[in-house]
Each structure stands twice: as structure tokens, then as C-alpha cells.
Amino acid sequence: MDELDLLKKDWKKQESSFQQIGEKEIYGMLHKRSSSIVKWIVIISVLELLLWLSISFLTADDKYTKTLELYHLDTFMPFMSVISYGVILFFIFLFFKNYKAINTTDNVKQLMQNILKTRKTVKYYVWYNLAMTAISMIIVFIFQFLYDPSIKKVIDNASSNIDPKTFYCIMLLVYAAVIIVFIGLIWLFYRLLYGILMRRLQKNYDELKKIDY
Amino acid sequence: MYMKSESEALFVKQLKENQNIIHKICRLYTTDEDAHKDLFQEITIQLWKAFPNFRGDSKFTTWAYRVGLNTAITLYRKKKRSIDTIEFDSTFHKVTQDDYNFEEEEKLKLLYSAISELNDIEKALVFLYLEDKDYTEISETLGISEVNARVKMNRVKGKLKKILNP
Chain A
1 MDELDLLKKD WKKQESSFQQ IGEKEIYGML HKRSSSIVKW IVIISVLELL
51 LWLSISFLTA DDKYTKTLEL YHLDTFMPFM SVISYGVILF FIFLFFKNYK
101 AINTTDNVKQ LMQNILKTRK TVKYYVWYNL AMTAISMIIV FIFQFLYDPS
151 IKKVIDNASS NIDPKTFYCI MLLVYAAVII VFIGLIWLFY RLLYGILMRR
201 LQKNYDELKK IDY
Chain B
1 MYMKSESEAL FVKQLKENQN IIHKICRLYT TDEDAHKDLF QEITIQLWKA
51 FPNFRGDSKF TTWAYRVGLN TAITLYRKKK RSIDTIEFDS TFHKVTQDDY
101 NFEEEEKLKL LYSAISELND IEKALVFLYL EDKDYTEISE TLGISEVNAR
151 VKMNRVKGKL KKILNP
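Structure follows, in C-alpha cells:
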């Protein structure tokens, strides 16, 4: 018998030997596009970190360090930056881990769980960044209030005209307004950056849910 | 949205019924279970991406042959991690117990390992030959002329025989 005929015979025989893949698994494969969404989350978070880093490097001139010294924040602020970048790096690691997890699972249920986990991680990440911005702004404002000589001048001038209590109230309101507007802007930035990806993940999740239950 | 999930259901159903085509392609292009799964998934995704362009003027199977082989040849080649095709995992080749024939089994092992040494296009030719496709279909699937398909096929067959009977 010809070798190739033998091969053909064997080839025909193997038809029944393949482990058959069920519909659910196929659906799972189609919704693997979640993995590309999560990949984008990783990429964007890295780019974002680079953006913040480059902004802080570009703005860190002599004037900036002098201002920090003036506010008595010259040791605290760099310390805070290092910690916050560390936390951001940790988040990026988590995003990457989520991506790996989604990329390797072919089980619909697990895929759904991983999508939920990823959404949660992104949510925490955004909350963390907002909180961190608010806290550092509050700290800077407090120290500015305490140590900035020009602020002191304004206070001295103003207190001779108005009741100091009203003056401090107004100052507090102005600071609060500035913080809220700034945080709002950053929140908008994140909504734009991650919002689209999150909605796509959610859509994917909803479709998976239809299959599984 | 509604339309989309409807076509998705149709696709999944057809793919499930014809999944052996993909399994067989994976069988020829991969040497272990993990790679088999990987390629299966890759082909499934490529088929799904191409599904909107599948109008049903050719059979689902013919279309699946074409897209599947293209994926195996182009896409998979790019991401192939290592050149481990030379060593063919013999345990991966399942032996049916009832008609076990030692001599035939040895020959088959040799054949499969010889195939794993062929290049990706040659593997596609062997695959279509094993699937009993005529030259018209082979030329359509691989996008080459019938004459070219014939010439190439003879060359591959010769190559295999030479490997077996040096």
C-alpha cells in the first residue's frame, strides 16, 4: 500500500478523535475581544503615567523647588510623588495581570468574572487618582496659607477692612471651589480616557451573560 | 444589536457543526495540545471577523477551509514562538487500539513527522489532498492556478516519499 494512501486512511479515522468544542466555548472565544480592550487599558495607563511624569519633569524648575522650600514642603512633596508613582505602577501591574487572566481563560464564567474584576480595578484606580489629587491640593493650599508671604500680606490688608471670620470663610470657599473644579476636570479626563473602554467591556459582559444564563 | 446576535448564533452553530475542519488544520500545523487550542481559537476569531463577508455563495466548509488555512499560514506563522516543529510529539498522535499495527504505526509516525518538516504552504497542500479536494477547489482555496497547484502537489508528494525512502 502506498504510504500516502495509508496516511489518508489514518486521516479519515481521526475525525472522531477530536475533542468537540461546545457552543458556549465558541461564544467565549468570540468574546475574547475583551482581551484587546483590557490590553488598551494597560497601554493607556502606561501612557498616562508617562504623561504625568513628563509634566512633573518639565515643570520642576528652580522656581518650583523654591516655592516648595518656601512652603516647607521640599521633603514632603517628592516623598509623596514617589509613593504615588509607586501606587500607579502597582495599578499598571494589576491591569497587566487582568489582561493576562482574560487572555488565557476560555471559560465564559471566568471571563465574566475577570471583566468585572478589571472594571473594579479601573474604578479604584480613578478613585485613587482623584483622591490623591484632592489631598495634595489641600496640603499645598494649607501650607501656602501658612507660609506664603504674599498671602500673609493679603490677609493683613484684608483683615483691616473686613471681619477676619468672614474673610477666612471666603478664602475657604474659594479654595474649595478651585479644588472641586480641578477634580471635576480630572474626572472628565478619566471618563474620556477609560469611559469608552469601560462601556465596551460592559457591553461584552452583557452579551456573555446572555449566553451563560 | 438584535441582528448582530442573530448572526452570531448562526455562526456559532455552523462552526460547531464544522469544527472538525479546524481541528484537522490545527492537527497539521501544530505539534502539541496547547498550540492546537491556540490555533483553533485564532482561526475561530478570524472566521468570525470574516463572517460578515461570507455571503453564502460558497459553502460554509469551503469558506472555512480558505480562511482557516490562511490563518494558519499567515497569522500563525508570525506569532510562532519557537521552531519546534522538527520534533513531533508522538503521544499527540492518538492510536486506535483495535487495529493496532506496529509496522503501519511506525510508518505513520514517520509520515507525520515528515509533514511537520514541510513549509506552511506545502502543509496546506497535503491537508487539501488528505481532504480529497480536487484541483479546482485546491486552486481556489489557496489562490493559485490549477496548473500551479498540480505541479506543487506533485513536488510535495515527491518530497514526502523521498523523506520516507531515502
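Listed in order, the protein sequences are those of chains A and B.
Counting in the UniProt record's numbering, the first sequence runs from 1 upward without gaps.
Counting in the UniProt record's numbering, the second sequence runs from 1 upward without gaps.
Ideal Cβ placement from N, Cα and C applies to all residues, glycine included.
- Burial of A:L201 is indicated by the presence of at least 16 other C-beta atoms within 10 angstroms of its C-beta.
- Straight-line measurement puts the Cα of A:V82 at about 55 angstroms from the Cα of B:L118.
- Contacts with chain A at 9 angstroms (Cβ-Cβ) include B:W48.
- About 15 angstroms separates the beta carbons of A:L116 and A:G28, which is beyond the 8 angstroms limit, so they are not a contact pair.
- With a beta-carbon spacing of about 31 angstroms, A:I41 and A:F76 fall beyond the 8 angstroms limit used to define contacts.
- Per DSSP, reduced to three states, the secondary structure at A:N129 is helical.
- Chain-order list of chain A residues neighbouring B:V12: E23, I26, Y27, L30, by C-beta distance under 8 angstroms.
- Taking a beta-carbon distance threshold of 9 angstroms, B:N70 does not count as an interface residue toward chain A.
- Following the DSSP letters along the chain, one finds A:L73 in no alpha helix (DSSP H), marked with neither H nor E.
- The three-state secondary structure of A:I162, taken from DSSP, is coil.
- Between B:T31 and B:S116, the gap from beta carbon to beta carbon is short of 9 angstroms.
- Chain B places no beta carbon closer than 9 angstroms to that of A:F91, leaving this residue out of the contacts.
- The DSSP-derived three-state label of B:K24 is helix.
- The stretch 191-211 of chain A and the stretch 118-127 of chain A touch, with no fewer than 3 CB-CB distances between them shorter than 8 angstroms.
- Close to chain A, meaning a Cβ-Cβ distance shorter than 7 angstroms, is no residue of the stretch 138-152 of chain B at all.
- For the C-beta of A:L111, not a single chain B residue is nearer than 8 angstroms; the gap to the nearest is close to 13 angstroms.
- Under the 8 angstroms Cβ criterion, the stretch 175-188 of chain A counts as touching the stretch 126-143 of chain A, having at least three qualifying pairs.
- Among the CB atoms of chain B, one or more fall inside 9 angstroms of the CB of A:F18.
- The residue among A:V122, A:I183, A:Y168 with its C-alpha nearest the C-alpha of A:M132 is A:I183.
- Chain B has a Cβ within less than 9 angstroms of the Cβ of A:K8.
- Between B:L142 and B:A124, the C-beta spacing is below 9 angstroms.
- Residue burial annotation: A:S17 is exposed, with fewer than 16 other C-beta atoms found within 10 angstroms of its C-beta.
- In the three-state DSSP reduction, A:H31 falls in the coil class, being neither helix nor strand.
- Less than 9 angstroms separates the beta-carbon of A:I186 from that of A:N129.
- If you draw a straight line from the Cα of A:D206 to the Cα of A:L192, it is about 21 angstroms long.
- Rounded to whole angstroms, the gap between the alpha carbons of B:T74 and B:D38 is 15 angstroms.
- Take the alpha-carbon of B:R55 and the one of B:D132: they are about 25 angstroms apart.
- The beta carbon of A:Q202 sits no closer than 9 angstroms to any beta carbon of chain B.
- In terms of beta-carbon proximity, B:Y29 stays away from the interface with chain A, with every pair separated by 9 angstroms or more.
- In this structure, DSSP gives B:N148 a helical state, which the three-state scheme calls helix.
- Sequence-distant Cβ neighbours of A:N98 in its own chain, meaning closer than 7 angstroms and more than five residues away, are V38, N114, K117, T118, T121.
- Sequence-distant partners of B:V126 (beyond 5 residues in either direction) whose C-beta falls short of 8 angstroms from its own C-beta, in its chain, are L28, I115, L118, V156, L160.
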